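Chains as they are written, first to last, in the working numbering: chain S, 190 to 389; chain B, 190 to 389.
Ideal Cβ placement from N, Cα and C applies to all residues, glycine included.
If you're wondering where the values come from, they're calculated on a predicted model, not measured in any experiment.
Structure first, commentary second.
2 protein chains.
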Amino acid sequence: MIDNLVRRTRTVRRFEEDKPIRQELLNQLIDLARLGGSARNAQSLKYLVITEREVRERFFPLLAWAGYLPHWPGPEAGERPSAYVVCLLDSTLQKGPETEAHFDLGIASQNLLLGAAVEGVFGCRIGAFSADKVQRLLNVPERYKAILVIALGYPAEKVVLEEVGEDGDIRYWHDEQGVHHVPKRKLADLLLGPSDFAEN
Amino acid sequence: MIDNLVRRTRTVRRFEEDKPIRQELLNQLIDLARLGGSARNAQSLKYLVITEREVRERFFPLLAWAGYLPHWPGPEAGERPSAYVVCLLDSTLQKGPETEAHFDLGIASQNLLLGAAVEGVFGCRIGAFSADKVQRLLNVPERYKAILVIALGYPAEKVVLEEVGEDGDIRYWHDEQGVHHVPKRKLADLLLGPSDFAEN
Numbered sequence: 190m191i192d193n194l195v196r197r198t199r200t201v202r203r204f205e206e207d208k209p210i211r212q213e214l215l216n217q218l219i220d221l222a223r224l225g226g227s228a229r230n231a232q233s234l235k236y237l238v239i240t241e242r243e244v245r246e247r248f249f250p251l252l253a254w255a256g257y258l259p260h261w262p263g264p265e266a267g268e269r270p271s272a273y274v275v276c277l278l279d280s281t282l283q284k285g286p287e288t289e290a291h292f293d294l295g296i297a298s299q300n301l302l303l304g305a306a307v308e309g310v311f312g313c314r315i316g317a318f319s320a321d322k323v324q325r326l327l328n329v330p331e332r333y334k335a336i337l338v339i340a341l342g343y344p345a346e347k348v349v350l351e352e353v354g355e356d357g358d359i360r361y362w363h364d365e366q367g368v369h370h371v372p373k374r375k376l377a378d379l380l381l382g383p384s385d386f387a388e389n
Numbered sequence: 190m191i192d193n194l195v196r197r198t199r200t201v202r203r204f205e206e207d208k209p210i211r212q213e214l215l216n217q218l219i220d221l222a223r224l225g226g227s228a229r230n231a232q233s234l235k236y237l238v239i240t241e242r243e244v245r246e247r248f249f250p251l252l253a254w255a256g257y258l259p260h261w262p263g264p265e266a267g268e269r270p271s272a273y274v275v276c277l278l279d280s281t282l283q284k285g286p287e288t289e290a291h292f293d294l295g296i297a298s299q300n301l302l303l304g305a306a307v308e309g310v311f312g313c314r315i316g317a318f319s320a321d322k323v324q325r326l327l328n329v330p331e332r333y334k335a336i337l338v339i340a341l342g343y344p345a346e347k348v349v350l351e352e353v354g355e356d357g358d359i360r361y362w363h364d365e366q367g368v369h370h371v372p373k374r375k376l377a378d379l380l381l382g383p384s385d386f387a388e389n
C-alpha cells in the first residue's frame with residue numbers, strides 16, 4: 190500500500206490551473222506536515238498558503254523551475270499551480286543549525302505530498318527563488334525565512350520513473366510526448382556492503 | 190488513512206531487542222527511502238544496515254539518545270534497537286549544498302518510517318553522534334559522511350502526542366508509567382495569516 194503511494198508521489202510541474210484545491214484539503218495537508226517528526230522537537234516551520242489568482246500571478250515569476258530543462262521556462266499560463274505553500278523557518282523557534290530545519294522540512298513536505306497524492310493532488314518542491322523577493326511580495330516579517338515553496342495542483346502531465354543508465358546520468362528529461370522521465374538509482378547501488386568498505 | 194498512519198509514525202526509543210526485523214523488510218524500507226524525491230535528483234544518499242548483535246553492541250555506545258531526558262541514558266540492554274540504518278552522504282554524488290542532503294534525508298527517512306509503521310516497526314532518527322567514530326567502527330571510506338542513524342525495532346514503549354501548553358514548552362517527557370509524551374504545536378499556530386504580516 191505505502192509502496193504504491195510512495196511510487197505515485199512524484200514531482201509534477203504542470204497542472205490544471207483552473208481546478209482549485211479546497212481550502213479544507215490544504216489545511217489537512219499542512220496538518221500532515223505538522224505531524225511529522227522534528228529535530229529537538231523544535232517545530233520551527235510555519236506555512237503560508239497562496240490561492241488567490243492575483244497573488245499567484247505575481248508570485249509565479251519569482252520561482253525557477255526544473256533546472257535540468259533549460260529550454261523549458263516552466264508551466265505555461267493555464268497549467269500553473271492552483272496553490273502554493275510557502276514554508277518558512279521561524280528564527281524565534283529555531284533550536285539547532287539550519288540543516289535541521291531542512292531535515293524537518295523534508296519530513297513535513299513528504300507527509301504533505303503523500304497525503305496530497307491520496308487526494309489526486311500533486312506538487313513540486315521549489316528551492317530556487319529569492320527569499321527576499323518572496324517575503325517582500327507577501328509582506329512576511331524578518332523573523333521568518335522562506336526556505337521552500339511547494340507548488341500544488343491537479344496534474345496535467347505524466348511522470349515516469351526509470352533506472353539510471355550505464356552513464357550514471359541522473360538528469361530528468363521530457364520526451365517528445367511531453368512525458369517527464371526521472372532516472373532513479375537502483376536499490377543495489379544505494380546499499381553499502383563489504384565491497385564498499387575500506388580495507389584497513 | 191494517511192492521516193492515521195502519519196499520527197502513528199512516532200519516534201520510539203525502546204524496543205523488543207530480541208525480535209529481529211527480517212532482512213527483506215529492511216531492504217523494502219530502504220527501497221521506500223530510495224523512492225523519495227531528491228533535490229536536483231542527485232540521490233546522493235547511501236545506506237548501511239547493521240543487524241549483527243556483535244556490531245550493534247559496539248555501535249550503541251556511539252549514539253546520544255533523547256536530549257531532553259538528561260537523566261535517561263537511553264534504552265537498557267534488552268530494549269535496544271534490533272537494527273540500525275546508517276545514512277551516508279556520498280560526496281562524489283553531491284550536487285548542491287549539504288542542506289539539500291539533509292532535506293533529501295528528511296524525505297527518505299519519512300518514507301522509510303511510514304512504511305515501517307505499517308509493518309509494526311518503529312524507529313528513532315539520531316543525529317547526535319561522532320561521524321568519525323561511526324565511520325571508523327564500520328570501516329566506511331572517507332568519500333562518505335554519516336549524517337543520520339535510524340534506529341529500528343519492534344516497540345516496547347508507548348508514545349502519545351499532546352498539545353503544546355501555554356508556556357510554549359516543546360520538550361518531550363516521560364511520565365511515571367514510562368509513557369513518552371510529545372508536545373506538538375497546534376495547526377493554527379503554524380499557519381501564517383494577515384495578523385502575522387508586516388504592516389508596511
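Residue i beta carbon near the ligand FAD (any heavy atom closer than 6 Å)
| i | result |
| --- | --- |
| S:ALA305 | The ligand FAD is not part of the structure shown, which contains no ligands of any sort. |
Own chain partners of residue i with C-beta closer than 7 Å, once the 5 adjacent residues on each side are dropped
| i | result |
| --- | --- |
| S:GLN366 | none |
| B:LEU258 | HIS363 |
| S:GLY226 | ILE296 |
| B:PHE249 | ARG269 |
Proximity test, Cβ basis, 7 Å: residue i and chain B
| i | result |
| --- | --- |
| S:LEU221 | yes |
| S:GLN299 | yes |
| S:ARG196 | yes |
| S:HIS260 | no |
| S:LEU278 | no |
| S:LYS322 | no |
| S:LYS208 | no |
| S:PHE249 | no |
| S:THR200 | yes |
| S:GLY263 | no |
| S:TYR273 | no |
| S:LEU215 | no |
| S:LEU224 | yes |
| S:HIS315 | Here residue 315 of chain S turns out to be Ile, not His, going by the sequence shown. By this cut-off, S:ILE315 is not an interface position. |
Residues near residue i in its chain [Cβ-Cβ closer than 8 Å; skip 5 each side]
| i | result |
| --- | --- |
| S:ALA255 | ARG202, TRP261, GLY263 and TYR361 |
| B:ASP279 | SER233, LEU234, LYS235, ARG332 and TYR333 |
| S:GLY285 | ALA228, ARG229 and ALA231 |
| B:ARG247 | LEU326 |
| B:THR281 | ARG332 |
| S:PHE292 | ALA228 |
| B:ILE315 | LEU252, ALA253, TRP254, LEU337, VAL338, ILE339 and ALA340 |
| B:SER298 | ALA222, CYS276, ARG314, LEU337 and ILE339 |
| B:LEU306 | Looking at the sequence itself, residue 306 of chain B is Ala, so the reference to Leu does not match. If we look at B:ALA306 and ignore the five residues flanking it on each side, its Cβ neighbours are LEU194, ARG197 and THR198. |
| S:SER319 | LEU251 |
| B:LYS208 | SER271, GLY342 and TYR343 |
| B:VAL371 | ARG199, THR200, VAL348, VAL349, LEU350, GLU351 and TYR361 |
| B:ASN389 | Residue placement at B:ASN389 is poorly supported in this model, since its pLDDT is 46, which falls under 50; the coordinates still yield a value, given next. Answer for B:ASN389: no residue qualifies. |
Expected contact under 8 Å - CB spacing of residue i and residue j to nearest Å
| i | j | result |
| --- | --- | --- |
| S:LEU221 | S:GLY295 | No, S:LEU221 and S:GLY295 are not in contact; Cβ-Cβ is about 14 Å, not under 8 Å. |
| B:GLU206 | B:GLU287 | That pair is no contact at about 33 Å. |
| S:PRO270 | S:LEU341 | 6 Å |
| B:ASN300 | B:LEU224 | 6 Å |
| S:THR240 | S:ALA272 | 5 Å |
| B:TYR343 | B:GLY312 | With a Cβ gap of about 11 Å, B:TYR343 and B:GLY312 do not count as contacting. |
| B:GLY368 | B:ILE359 | Going by the sequence as given, residue 368 of chain B is Val instead of Gly. Not a contact, Cβ separation roughly 17 Å. |
CB contact below 7 Å: residue i versus chain S
| i | result |
| --- | --- |
| B:ASN193 | no |
| B:GLN232 | yes |
| B:PHE311 | no |
| B:THR281 | no |
| B:VAL349 | no |
| B:PHE204 | no |
| B:THR240 | no |
| B:PHE386 | yes |
| B:GLY295 | yes |
| B:ASP303 | Reading the sequence as shown, one finds Leu at residue 303 of chain B and not Asp. So yes, B:LEU303 belongs to the interface. |
| B:VAL244 | no |
| B:LEU218 | no |
| B:PHE292 | yes |
Contacting residues, own chain, Cβ-Cβ under 6 Å from residue i (five flanking each side not counted)
| i | result |
| --- | --- |
| S:VAL411 | In the structure as shown, chain S begins at 190 and stops at 389. Residue 411 of chain S is therefore absent and cannot be evaluated. |
| B:ALA317 | ALA253 |
| S:GLN283 | SER233 |
| S:GLU289 | ALA228 |
| B:THR200 | CYS313 |
Contact with chain C by residue i, beta-carbon distance below 7 Å
| i | result |
| --- | --- |
| B:LEU237 | Structure shown: chain C not included; protein chains present are S and B. |
Inset, instruction - Evaluate the contact criterion for the segment 372-380 of chain S versus the segment 341-348 of chain S: three or more CB pairs, one atom per stretch, below 8 Å. - result: no
Legend entry - Contacting positions in the segment 361-381 of chain B - beta carbon closer than 9 Å to chain S: Here the close residues are TYR361, VAL371, PRO372, LYS373, ARG374, LYS375, LEU376, ASP378, LEU379, LEU380 and LEU381.
Inset, instruction - Would you list, in chain order, the members of the segment 337-348 of chain S that have their beta-carbon closer than 9 Å to a beta-carbon of chain B? - result: LEU337
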